[in-house]
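**Q** The following block contains the structure, expressed as structure tokens.
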Amino acid sequence: MQIFKRIWPQLFPAKPTLTADSLPPQTGRVVIITGATSGLGLELARILYHAGATVYIAARNETKAHNVINTITATTSPNPTTQPGELIYLPIDLADLRTIPIFVNAFLARSNRLDLLLNNAAVACLPPTQVTAQGYEPHIGINCAAPYLLTSLLSPILTSTAQSPSTPPNSVRVIFTSSMVVEFLAPTGGVPSSALTSSPDPKSDPNTNYAISKTGNWFLAAHFASTFASNGVVSITQNPGNIDTPIYDNAPRLSVWVSKPVFYTPEVGVSTLLWAGFEEGITVDDGGRYVIPFGRWHPGPREDLLGAMREGGSGEMGRFVEWCERVTTEFR
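With numbering that gives the first Met the number 0, the residue at position 115 of the sequence shown is 114, and numbering never jumps.
So, in structure tokens, the structure goes:
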């Protein structure tokens, strides 16, 4: 019964409260979006560009990124009174940690502020043998170690932006992306020590590995919330919902077909990201909390996962963060 209560409002969400039409102008704000060449990242980039923000497209494929930029800039703005912002491509490959400091240095050479970091890019349903450049299981490596390093390296500019006198309180945010699969596929405690290895089990289940990584994203949001709180930066995680995006390209066709009736389009699903990133009522006191579709707080997260994040709890989050720190140290 408890799992039903957790899943139902995510499968059949309430009506969005913040949409592209109600988003205030974002002129002067600077945003980084990973995974912005398709799906939700692309849709958010389009909305923020037309709202006046400068949006950095952090992506691996240069041709695809420039095609996205050309497509977005050719569309008609829904807000004709707002001057469009700017779309800038900078290369990054989250499967190779060596590219992340290069990306950060390129960004810092161009910008003196960062208002929003959306860790949106992810992989799913990949075999454990398809390891990252550093030899890690792909879900834990790409979905967790990479955004941990990226967020760590961008922490100084996030902090300086939040502490600028011209920056509204609680408006600088880091958002991690989770998934509903944590409700029923994540192991007890979230991230077992067996997942934190440079020798991934070739027989491990890709769906479980994905759920572990999405729990890890929630843990990262909670970790950075504790480190950012005194500096005025909000760090939260969100599940955008069942959205029809390329994340399912590697999933079994039958499971995708069965799920289609509860899929939403990116144009609808982006409301969750908008709420997490721009809802004015969210403050640093909400750090580490979990947003569900289409813009509300999770009413009842799994107690074992809350315990893993709680001081004096199971310690799962602490071990996971220590692993992320250890495997990324050489790339700082």
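For each residue, glycine too, the CB sits at the ideal point set by N, CA and C.
State buried or exposed for Q25, treating a residue as buried only when at least 16 other CB atoms are found within 10 Å of its CB.
**A** Here residue 25 refers to the residue found at position 26 when the sequence shown is read from its first residue. Burial call: buried.
**Q** Could you pull out every residue in the same chain whose Cβ sits closer than 6 Å to the Cβ of F175, ignoring the five residues on either side in sequence?
**A** Indexing the sequence shown from 1 puts residue 175 at position 176. Correct list, in chain order: N118, N216, L219, A220, T236.
**Q** Thinking T327 and A120 are a contact (beta carbons under 8 Å), I'd like their distance in whole angstroms, please.
**A** Here the question's residue 327 lines up with position 328 in the sequence shown. Here the question's residue 120 lines up with position 121 in the sequence shown. The pair is not a contact, with the Cβ atoms about 16 Å apart (cut-off 8 Å).
**Q** Between Y88 and I56, how many whole angstroms is the CB-CB distance? I'm expecting something under 8 Å.
**A** Residue numbering aside, residue 88 sits at position 89 when the sequence shown is read from its first letter. Residue numbering aside, residue 56 sits at position 57 when the sequence shown is read from its first letter. Yes, Y88 and I56 are in contact; Cβ-Cβ is about 5 Å, under 8 Å.
**Q** With distances taken Cα to Cα, identify the nearest neighbour of V29 among T80, Y48, S37.
**A** Here the question's residue 29 lines up with position 30 in the sequence shown. Ranking the options by Cα distance to V29, first place goes to Y48.
**Q** Would DSSP call I56 helix, strand or coil?
**A** Numbered from its first residue, the sequence shown carries residue 56 at position 57. It is a strand residue.
**Q** In three-state terms, what does DSSP make of T236?
**A** Within the sequence shown, residue 236 is the residue found at index 237, counting from 1. T236: strand per DSSP, three-state reduction.
**Q** Can you give the Cα-Cα distance for L113 and T160, rounded to whole angstroms?
**A** Here residue 113 is taken as the residue at index 114 of the sequence shown, counted from 1. Here residue 160 is taken as the residue at index 161 of the sequence shown, counted from 1. Each residue's alpha carbon lies about 6 Å from the other.
**Q** Any contact between the stretch 89-96 and the stretch 56-65? By contact I mean 3 or more CB pairs, one from each, below 8 Å.
**A** yes
**Q** Taking its Cβ as the centre, do 16 or more other Cβ atoms sit within 10 Å of K213, making it buried, or is it exposed?
**A** Position 214 of the sequence shown holds residue 213. Buried, because 16 or more other Cβ atoms sit within 10 Å of the Cβ of K213.
**Q** Who are the near neighbours of S203 in its chain, counting only those whose CB is closer than 6 Å to its CB and skipping five residues on each side?
**A** As a position in the sequence shown, residue 203 is number 204, starting the count at 1. So the list reads P127, once near-sequence residues are dropped.
**Q** Which of the three DSSP states is assigned to V175 in this structure?
**A** Reading the sequence shown from its first residue, position 176 is the one you call residue 175. This sequence places Phe at residue 175; Val is not what is there. If DSSP states are grouped into helix, strand and coil, F175 belongs with the strands.
**Q** One question on the structure: do V173 and S225 come within less than 9 Å of each other, judged by their Cβ atoms?
**A** Locating residue 173 in the sequence shown gives position 174, counting from the first residue. Locating residue 225 in the sequence shown gives position 226, counting from the first residue. It is not a contact, given that the beta carbons lie outside the stated cut-off.
**Q** Considering just the uninterrupted stretch of the alpha helix (DSSP H) at Y147, what are its terminal residues?
**A** As a position in the sequence shown, residue 147 is number 148, starting the count at 1. Counting along the chain, the alpha helix (DSSP H) containing Y147 begins and ends at 145-161.
**Q** Looking at the unbroken beta strand (DSSP E) that takes in E85, where does it start and where does it end?
**A** As a first step, residue 85 is located in the sequence shown; it is residue number 86 there, counting from the start. First-last of the beta strand (DSSP E) with E85: 85-90.
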